[in-house]
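**Student:**
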Amino acid sequence: MLRSQHNVAVYGDQDFLTLEEGTWYVHSVFEHTFNLTNQQQTTLVIVTGDRTKLLPGGLYLPPAEFTALHRQIRDVQRITFRQRTFYLDTYQTRWSLNLTATFNATLDPAPLVAQRIQTLQTACGQVMQLTGFDHPFRQFLDLATTPYPKELLWLTTPVTVQWGVDFFIGRGRGLTPSGDDFLLGWLLVADLTTQDQRLRDAIACRIQSERYTTAVGRSYLAYGLQHKFSSALLALMAYLQGAPVTQPVTALLAAVIHYGNTSGIDCLAGIMSALAFNPQH
């Protein structure tokens, strides 16, 4: 069958430069994105046309090209990756998504600045949203008001950290359950404070299985274990690490919150509760 050829220059995670060549598959399709996975289903690639939200494992097309490909994606017959290019064959078109520019989603390991944390905590006190747990975000800012005092204590205690992870992972609704986003926030803070290997091991243990949470949740936690996070989270951490201030902290918070339905606010709740429970910053 003769197909039309459509070549598109795309922007993506720099890890794609070393991605193993082979066959890929459509994993899931949503209104503004779709996900690809490899044969082993160990990696998810998030394909979208919205470059304002850079995610680890993200592949970004110009909006018009993404819309056209999205219309055909359910008809895809074969996907291969070779020489920095994803080839997607649909009934009508052979799409060549050529990686021509990349971004780095890796966290800078610099320490946090106490004064910046205090400023962030003050700003968070003005955030009125509900989390995906159906508890107000502000309850997570203080040990005295958190809805999960026992479970958060488990996360900070070596012998019970697996209990804490098991309580949160997969908890809640959505493609990435609220508990997964919350744990991602804890993982982010742990990277820059306690470097607690036990928390990392407890999360790694659970995402090896499909029993505990969704494929998308497992993917984001797997990226977190590789110290890879969204551009909004990296910008917020850079602020906390003392980087020059280029925008108000409220704008940084808004960018973090504006991910998914409650994913952003749930992750922020994890970050702020981890900072409250971890005095080592």
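Each number in this note's numbering corresponds to the 1-based position in the sequence shown with 5 added. For each residue, glycine too, the CB sits at the ideal point set by N, CA and C.
(1) Does DSSP classify residue 17 as helix, strand or coil?
(2) Tell me the rounded alpha-carbon separation between residue 87 and residue 27.
(3) Going by DSSP, which residues form a beta bridge with residue 141?
(4) What is the residue span of the beta strand (DSSP E) that residue 39 lies within?
(5) I need the DSSP call for residue 244, collapsed to helix, strand or coil.
(6) With contact counted as at least three CB pairs below 8 Å, one residue from each stretch, are the region 59–67 and the region 224–241 in contact?
(7) Out of 123, 184, 129, point me to the one whose CA is closest to residue 153's CA.
(8) Put residue 286 into one of helix, strand or coil per three-state DSSP.
(9) Would you tell me roughly how many angstroms separate the C-alpha atoms of residue 207 and residue 75, rounded to the nearest one?
(10) On the DSSP letters alone, give me the boundaries of the alpha helix (DSSP H) that residue 148 sits inside.
(11) Following the continuous alpha helix (DSSP H) through residue 189, name the residue where it begins and the one where it ends.
(12) Taking residue 224 as part of the alpha helix (DSSP H), name the residues at either end of that continuous run.
(13) Is residue 235 helix, strand or coil when you go by DSSP?
(14) Sort out for me which residues DSSP pairs residue 84 with in a bridge.
(15) Starting from the Cα of residue 21, find the closest Cα among 50, 12, 245, 177 and give me that residue.
(16) In chain order, what residues of the same chain have a beta carbon less than 6 Å from the beta carbon of residue 167, not counting five sequence neighbours either side?
(17) In the DSSP assignment, what residue or residues form a beta bridge with residue 100?
(18) Quick check: what's the CA-CA separation for residue 286 versus residue 119?
(19) Considering only the beta carbon of each residue, do residue 112 and residue 263 sit closer than 7 Å?
(20) Going by CA-CA distance only, name the one from 109, 277, 102, 96 that's closest to residue 147.
(21) Roughly how many whole angstroms lie between the Cα atoms of residue 109 and residue 19?
(22) In this structure, what does DSSP give as the bridge partners for residue 111?
**Tutor:** Quick look at the numbers:
(1) Here the question's residue 17 lines up with position 12 in the sequence shown. The answer is strand: DSSP assigns residue 17 an E or B state.
(2) Here the question's residue 87 lines up with position 82 in the sequence shown. Here the question's residue 27 lines up with position 22 in the sequence shown. Their backbone Cα atoms lie some 7 Å apart in a straight line.
(3) Counted from its first residue, the sequence shown places residue 141 at position 136. Answer is 135.
(4) Position 34 of the sequence shown, counted from the first residue, corresponds to residue 39. Note, residue 39: beta strand (DSSP E), 38–43.
(5) Locating residue 244 in the sequence shown gives position 239, counting from the first residue. Of the three classes helix, strand and coil, the one that applies to residue 244 here is helix, per DSSP.
(6) yes
(7) On the sequence shown, residue 153 is found 148 positions in, with the first residue counted as 1. Nearest option by C-alpha distance: 184.
(8) By 1-based counting over the sequence shown, the position of residue 286 is 281. Confidence is the limiting factor: at residue 286 the pLDDT is only 48, short of 50, which leaves the residue's position unreliable and the question unanswerable from this model.
(9) Residue numbering aside, residue 207 sits at position 202 when the sequence shown is read from its first letter. Residue numbering aside, residue 75 sits at position 70 when the sequence shown is read from its first letter. Using only the alpha carbons, I get a separation of about 37 Å.
(10) Taking the sequence shown and counting its residues from 1, the one referred to as residue 148 is at position 143. Run containing residue 148: none; DSSP gives neither H nor E here.
(11) By one-based count along the sequence shown, residue 189 stands at place 184. Here the alpha helix (DSSP H) through residue 189 covers 183–197.
(12) Position 219 of the sequence shown holds residue 224. Segment 220–230, the alpha helix (DSSP H) holding residue 224.
(13) Within the sequence shown, residue 235 is the residue found at index 230, counting from 1. Three-state DSSP puts residue 235 in coil, outside helix and strand.
(14) Reading the sequence shown from its first residue, position 79 is the one you call residue 84. Paired residue(s): 29, 93.
(15) What you label residue 21 is simply residue 16 of the sequence shown in a count that begins at 1. Of the listed residues, the one whose Cα sits closest to residue 21 is 50.
(16) Counting from one through the sequence shown, the residue named residue 167 turns up at place 162. Closer than 6 Å at Cβ, skipping near neighbours: 207.
(17) Counting from 1 along the sequence shown, the entry for residue 100 is found at position 95. Beta-bridge pairing links residue 100 to 11, 93.
(18) For the purposes of this step, residue 286 is identified with residue 281 of the sequence shown, where counting begins at 1. For the purposes of this step, residue 119 is identified with residue 114 of the sequence shown, where counting begins at 1. Because residue 286 carries a pLDDT of 48, less than 50, the predicted location of this residue cannot be relied on, and no value is offered for it.
(19) As a first step, residue 112 must be located in the sequence shown, where it is residue number 107. As a first step, residue 263 must be located in the sequence shown, where it is residue number 258. Contact flag unset, no.
(20) The residue labelled residue 147 in the question sits at position 142 within the sequence shown. Checking every option, the nearest Cα to that of residue 147 belongs to 277.
(21) The residue you call residue 109 lines up with position 104 of the sequence shown. The residue you call residue 19 lines up with position 14 of the sequence shown. Answer to the nearest angstrom: the Cα atoms are 6 Å apart.
(22) To locate residue 111, count along the sequence shown from 1; it is residue 106. Beta-bridge pairing links residue 111 to 233.
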